[in-house]
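Enquirer: Counting in our numbering, the sequence shown runs from -2 upward without gaps. Sharing a structure with you now.
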Amino acid sequence: TQNDFMQEWLPWRDKYMSIIFEIEAQEKQGSLCEKCHKAEGVIQCKSCVGLHAWCKSCVFNVH
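See the structure below:
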């Protein structure tokens, strides 16, 4: 039932909402690469959960 679905969703709500708010609140363009922390993180994966940005050199190694 719909109530069962909602009961299953509630434990995950905060996690997903924080990810959604993070994505909407800030763009990681202009920040440092998550792997090397040296180059600008200019490439973002649209299929990963969360907001990740890598430089052109690191993106193929991490994804």
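Cβ coordinates follow ideal geometry from the N, Cα and C atoms, glycine included. For clarity, every value in this text was computed on a predicted model and none was experimentally measured.
So what does Gln41 bridge to, in DSSP terms?
Expert: BP columns for Gln41 point to Ala50.
Enquirer: One question on the structure: do Leu29 and Glu19 come within less than 8 Å of each other, judged by their Cβ atoms?
Expert: No.
Enquirer: Give me the Cβ distance between Ile16 and Val46, rounded to the nearest whole Å; I'm assuming they're in contact under 8 Å.
Expert: 6 Å between Cβ atoms; contact.
Enquirer: Select from Pro8, Leu7, Asn58, Gln(-1) the residue whose C-alpha is nearest the C-alpha of Lys32.
Expert: Ranking the options by Cα distance to Lys32, first place goes to Asn58.
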